[in-house]
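Novice: Handing you this structure, nothing more for now.
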Amino acid sequence: MSIKSPVTGPTDTTSATIAPEMPESLAASPRNASRPSRTRTLDSHDLLGEQALVLIRHLGEIYRLQTTRQGKLILTK
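Take 1091 as the starting number for the sequence shown in the numbering used here and just add one per residue.
Encoded structure:
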């Protein structure tokens, strides 16, 4: 398995990065042994932009992903 370079900018949506924070117990489990990880890592600034807010449509519902003053992420319905 090879690790690709991280996404370099908001316009580069085709490349994916394997999340380095995946616990070894998940990566090494028999359930996951036969299939490669396809988890993408995205920079929060690329998602949120300068406004620190993005609306996400999921199964017909709208969710808000935003940052707090302390720099934490909040996802609300």
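Glycine included, C-beta positions come from ideal geometry on N, C-alpha and C.
As the structure is a prediction and not an experimental result, all values here were calculated from the model.
Indicate the three-state DSSP secondary structure (helix, strand or coil) for Gln1141 in the structure shown.
Specialist: Residue state, collapsed to three classes: helix.
Novice: Could you please give me the residues that DSSP links to Arg1154 through a beta bridge?
Specialist: Leu1145 and Thr1166.
Novice: What is the DSSP secondary structure of Ser1056, counted as helix, strand or coil?
Specialist: This structure cannot speak to residue 1056, because the chain is shown only from 1091 to 1167.
Novice: For Leu1165 and Tyr1153, which I take to be in contact (beta-carbon distance under 8 angstroms), what is that distance rounded to the nearest angstrom?
Specialist: That belief holds up - the Cβ atoms of Leu1165 and Tyr1153 are roughly 6 angstroms apart, short of 8 angstroms.
Novice: Do Leu1143 and Gln1156 count as a contact pair if the criterion is CB distance below 7 angstroms?
Specialist: Cβ atoms of Gln1156 and Leu1143: closer than 7 angstroms.
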